[in-house]
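Novice: Position one of the sequence shown corresponds to residue 24 (this note's numbering), numbered consecutively onward.
In this text, a Cβ means the ideal position worked out from N, Cα and C, and glycines have one as well.
One structure, pasted below without further comment.
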Amino acid sequence: MVSIRNIFTAALALAAPISAAITPAQTVSNIKMLTSKSQALQAPAQSITIINGPLIVIGQGPFPQIIAGFTDIISTVTTSIAQMQGSEPVKAGPDSDAIFDAFREFVRVHQVLLNILIGKAGLFTTVPFIGQPVAAVLRQLESVVDTIAFMLIDTVQSRSADLIKEANNLGATLDVCINSYQGLA
24 MVSIRNIFTA ALALAAPISA AITPAQTVSN IKMLTSKSQA LQAPAQSITI
74 INGPLIVIGQ GPFPQIIAGF TDIISTVTTS IAQMQGSEPV KAGPDSDAIF
124 DAFREFVRVH QVLLNILIGK AGLFTTVPFI GQPVAAVLRQ LESVVDTIAF
174 MLIDTVQSRS ADLIKEANNL GATLDVCINS YQGLA
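Right, dumping it as structure tokens:
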């Protein structure tokens, strides 16, 4: 005997792979959310001083907020990666252009944030305990950003050269930032 519950369960099982893939518009929305989160961290990064930086030891100052913000970005990227699994390739045209434009803007905004942090790292050459937690979260961030960049390159092949260029630019800035804080450990 077939029950409604069995039919419903089977329908959900069949729909699961379909619902996992996201549309190009959702991809753009996810990238814009990452851009917004990166932009929100610029003010706390700008507020770093030689006085408030060492407060990281007691969980105060701007660094805990920045680390929490990066952790949130990592979580959001991880969710986006899961959502992109099984997505159809995006053909050349408005959708691929929109994804590229969103990614380019994310890279631009994120590089501004990273460059602020690179500039602030020089304040703490005599305060080594600041570097390790910042470098650790940046390494995690680098890993997920690389993963989503590769997924975008595979999904939006018509803009792959442009996406590769942007991903390489962001990767280079991330490397400099990680090295700036790793050197403080």
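Does the contact criterion of 3 or more C-beta pairs under 8 Å hold for the stretch 59–71 versus the stretch 177–185?
Specialist: Segments in contact, no.
Novice: Distance check for I71 and V167, CA to CA, integer angstroms please.
Specialist: Cα to Cα, V167 sits roughly 25 Å from I71.
Novice: Measure the Cβ-Cβ separation of I45 and S98 and say whether it is below 7 Å.
Specialist: It is not a contact, given that the beta carbons lie outside the stated cut-off.
Novice: With DSSP collapsed to three states, give me the class of L64.
Specialist: Of the three classes helix, strand and coil, the one that applies to L64 here is coil, per DSSP.
Novice: Alpha carbon to alpha carbon, how far is G142 from D169?
Specialist: Looking at the two C-alpha atoms, the distance is approximately 23 Å.
Novice: Can you check the stretch 114–172 for any beta strand (DSSP E) of at least 3 residues that lies completely inside it and give the ranges in chain order?
Specialist: The stretch 114–172 contains no whole beta strand (DSSP E) run of 3 or more residues.
Novice: For D120, which residues from the same chain have a beta carbon less than 8 Å from its beta carbon, with the 5 sequence-adjacent residues on both sides left out?
Specialist: So the list reads R182, once near-sequence residues are dropped.
Novice: From T102 to G206, what does the alpha carbon distance come to, in whole angstroms?
Specialist: Distance between the alpha carbons of T102 and G206 is about 31 Å.
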